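Enquirer: Chains as they are written, first to last, in our numbering: chain V, 271 to 722; chain Z, 56 to 289.
Written out as structure tokens, the structure reads:
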């Protein structure tokens, strides 16, 4: 009959009490496991999202050499037009004379006219008035021209597709990428083609006009038949249909040489400001923006959004972690106190037994060891119960204890966590028993024997 | 006969809330090896205090207690614990058996702290239980035994480590008179068969009759000693 055997028998002696203590401790341990896995899932997912945002910040921070020399000129909508956007019905045009004059300005290398027009939705002005009446957000106040940036973004998704007329010139395309490069089927439009288009792959699935279209098929655009020569893929949310600018003018009823917007390239990026100034001075009705400025504003705005998102995610994650840590600390303290109170009660209850052991010659050390083994045994049993509960009900418990983790997938705890928790419960059993065991070892055998 | 216990001028003073109470006021006694002695006295006379000091459960204020040739009056707790383990067997008013252990395991318990091998302790426990007439009840837990049987297990346990003396504090106090007599007869038989010195503290005159020598303690002093006349065999 060794110490360990006797300790385990003593634990088993009060079955109901042991069972209740094991359940109480097990719940604390299950809470620790659940919260830990919940916090872990939240931290991992948040880090993934932060990494993604940070990657995006880097990606939007670079401009090509030609983009740095680029100036966007647009006719504006009723006197104004957002940079980089446009193509809405009702937009005014830029005449061939203006294009030629800009081309002949000092430090201008090339002017690329573009005809861009969204197709498939009701009149913008009607839509704007309706949205304004409904009090929808992002609509510019009455009297302010143009669709407004937010509204423009919202409208993009409402149009079926956007006609993009560009000059078909191989040498220009080579330098300034006028046509899309990620071609899935077919090829680019060439100067030899007549009424040819390149369509975005998503249009073949979503838009009735292009549904099921393949390379070589005829498609009808605003009453004209075009041959699909290429299908491309792109990350942009705009469904561009590329065609020769002359064909676009015919489709949209523009005169020869007219354009809705221009991409003006300065000879060097150091001339960009001068060229912008010259165009603005000569054509006050045109909206002129250096692409780099626009891009920098855009990048800054996007990056600001990303940084705000990152800060918000980090803050949320930190909150979850802090709450989780608080629950874990409370659970550990609770578990420790349960062991402490149980063992103090046990020592008090078994005072006479301690007295007897001392009377027959057991040393204080042996008695301390026996009680510590009992505490460890309770810790071990509770650890096993807690692990079973934590593994089976962990994902559910973590969502109850940490509601913020509901959007994350909480996985089963790792073997390492299980081992750590088991060690923790054994340690709690040990620490919680030190004081009562010491108290037991100090009892005078004579006084202990007198205890009733 | 050699002296196994010699007590010289033993004084014990308790101090409680600043008040001093003298429980023993110069006790002198000598007990020889193999003797069966009863210490009698009224309640509060100091008999339990004397027994606690003799059993190394308490230390005297002054005086000497020489047990088996060693003065135990000035030993520390660890040394007293060793003396209790090696030299003394206790029998209390109630059996005080460990409820989680069966009769045999209860008897083995003192041998565990003396590091006696498992095999030897089982043999000795079985031998002692046979001596006290419980060979059929060795595997029973205390709650399955009667009060008399429990006390017999406690007696067997007291003899486990072959002590120099057995100290019995009111060993029949919780038993009916018939069972009490049986227990005293058992102690007398063991004293005669094994030869272990037995000191019984009791206030029951009838139980004291089993002892060879009866000492009366009053107000912390041995006031009278009676020696039983031995029967002469014809």
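Ideal placement from N, C-alpha and C gives every residue a C-beta, glycine not left out.
Computed from a predicted model, the values in this text were never measured in an experiment.
Return yes when the Cβ of residue 103 (chain Z) is within less than 7 Å of the Cβ of residue 79 (chain Z), no when it is not.
Expert: no
Enquirer: Looking at the C-beta of residue 632 (chain V), does it have a partner C-beta in chain Z at a distance below 7 Å?
Expert: yes
Enquirer: Report the residue from V:572, V:311, V:301 whose alpha carbon sits nearest the alpha carbon of residue 681 (chain V).
Expert: V:311
Enquirer: Tell me whether residue 502 (chain V) sits in a helix, a strand or coil according to DSSP, three-state version.
Expert: strand
Enquirer: If contact means a Cβ-Cβ distance below 9 Å, which residues of the stretch 611–624 of chain V contact chain Z?
Expert: 622, 623
Enquirer: Taking a Cβ distance cut-off of 8 Å, strictly less, list which residues of the stretch 80–113 of chain Z are near chain V, in chain order.
Expert: Hits within the stretch, in order: 107, 110, 112, 113.
Enquirer: Hey, could you find the ends of the beta strand (DSSP E) residue 387 (chain V) is sitting in?
Expert: Counted as a single uninterrupted DSSP element, the beta strand (DSSP E) harbouring residue 387 (chain V) occupies residues 378–389.
Enquirer: What residues in its chain sit with their C-beta under 6 Å from that of residue 512 (chain V), if we drop five residues either side in the sequence?
Expert: 434, 449, 468
Enquirer: Here's a check: name, in chain order, each residue in its chain whose Cβ is nearer than 8 Å to the Cβ of residue 575 (chain V), leaving out the five neighbours to either side.
Expert: If we look at residue 575 (chain V) and ignore the five residues flanking it on each side, it has no Cβ neighbours.
Enquirer: Distance check for residue 237 (chain Z) and residue 288 (chain Z), CA to CA, integer angstroms please.
Expert: Note that residue 288 (chain Z) scores a pLDDT of 47, beneath 50, so its modelled location is shaky; the value from the coordinates is reported in the next line. Between residue 288 (chain Z) and residue 237 (chain Z), the C-alpha separation is close to 24 Å.
Enquirer: If we call anything under 7 Å between Cβ atoms a contact, is residue 84 (chain Z) one with residue 111 (chain Z)?
Expert: Cβ distance not < 7 Å, so residue 84 (chain Z) and residue 111 (chain Z) don't count as in contact.
Enquirer: Tell me whether residue 529 (chain V) is buried or exposed, calling it buried when 16 or more other Cβ atoms sit within 10 Å of its Cβ.
Expert: Answer is buried; the Cβ neighbour count reaches 16.
Enquirer: Skipping 5 residues on each side, what residues in its chain have a beta carbon closer than 6 Å to that of residue 514 (chain V)?
Expert: 438
Enquirer: Would you mind stating whether residue 594 (chain V) and residue 645 (chain V) have Cβ atoms separated by less than 7 Å?
Expert: no
Enquirer: If you follow the alpha helix (DSSP H) that residue 593 (chain V) is in, where does it begin and where does it stop?
Expert: First-last of the alpha helix (DSSP H) with residue 593 (chain V): 561–619.
Enquirer: If the cut is a Cβ gap below 7 Å, which residues of chain Z does residue 636 (chain V) touch?
Expert: 168
Enquirer: DSSP puts residue 513 (chain V) in a beta bridge; with which residues?
Expert: Its beta-bridge partners are V:435, V:467.
Enquirer: Does the pairing of the stretch 267–279 of chain Z with the stretch 67–81 of chain Z give three or more beta-carbon distances under 8 Å?
Expert: yes
Enquirer: In terms of alpha-carbon separation, which member of V:494, V:535, V:502 lies closest to residue 518 (chain V)?
Expert: V:494
Enquirer: Under 8 Å Cβ to Cβ from residue 276 (chain V), same chain only, skipping five residues before and after it: list those, please.
Expert: 640
Enquirer: How would you label residue 349 (chain V), buried or exposed, when you count the other beta carbons within 10 angstroms and need 16 or more for buried?
Expert: For residue 349 (chain V), the predicted model reports a pLDDT of 36, less than 50, meaning its position is unreliable; a value from the coordinates is still stated below. Exposed: under 16 other Cβ atoms inside 10 Å.
Enquirer: Any heavy atom of the ligand NAD closer than 6 Å to the CB of residue 258 (chain Z)?
Expert: The ligand NAD is absent from the structure shown, which contains no ligand whatsoever.
Enquirer: What does a CB cutoff of less than 7 Å around residue 354 (chain V) pick up in its chain, not counting 5 residues either side in sequence?
Expert: Summary for residue 354 (chain V): the model assigns pLDDT 40, below 50, so the residue's position carries little reliability; its value from the coordinates is reported in the next sentence. The residues are 342, 564.
Enquirer: Whose CA, out of V:303, V:388, V:436, lies closest to the CA of residue 491 (chain V)?
Expert: V:388
Enquirer: Just the Cα atoms here: how many angstroms apart are residue 540 (chain V) and residue 568 (chain V)?
Expert: 21 Å
Enquirer: Assuming contact is defined by CB atoms lying nearer than 7 Å, are residue 716 (chain V) and residue 107 (chain Z) in contact in what I supplied?
Expert: yes
Enquirer: In angstroms with no decimal places, state the Cα-to-Cα distance between residue 179 (chain Z) and residue 161 (chain Z).
Expert: 12 Å
Enquirer: Are the beta-carbon atoms belonging to residue 668 (chain V) and residue 301 (chain V) less than 7 Å from one another?
Expert: Cβ distance not < 7 Å, so residue 668 (chain V) and residue 301 (chain V) don't count as in contact.
Enquirer: On the criterion of 16 or more Cβ atoms from any shown chain inside 10 Å, does residue 269 (chain Z) qualify as buried, or is it exposed?
Expert: buried
Enquirer: Go ahead and pull the three-state DSSP assignment for residue 253 (chain Z).
Expert: strand
Enquirer: Please identify, using Cβ separations under 7 Å, the residues of the stretch 581–594 of chain V that lie next to chain Z, in order along the chain.
Expert: none
Enquirer: Excluding the 5 residues flanking residue 338 (chain V) on each side, which residues of the same chain have their C-beta closer than 6 Å to its C-beta?
Expert: 539, 562
Enquirer: Just to confirm my understanding: we take residue 381 (chain V), look at its own chain, exclude 5 residues before and 5 after, and list those with CB closer than 7 Å. What are they?
Expert: 369, 372, 373, 532, 534
Enquirer: With a cut-off of 8 Å on the beta carbons, I'd call residue 320 (chain V) and residue 580 (chain V) a contact; round off their distance for me.
Expert: Your pair residue 320 (chain V) and residue 580 (chain V) checks out as a contact, with CB atoms roughly 5 Å apart and the cut at 8 Å.
Enquirer: Residues in the stretch 643–658 of chain V with C-beta within 7 Å of chain Z's C-beta atoms, listed in sequence order?
Expert: Those residues of the stretch 643–658 of chain V placed with their C-beta closer than 7 Å to a C-beta in chain Z do not exist.
Enquirer: Pairs of beta-carbons, one from the stretch 245–253 of chain Z and one from the stretch 158–176 of chain Z, closer than 8 Å: are there three or more?
Expert: no
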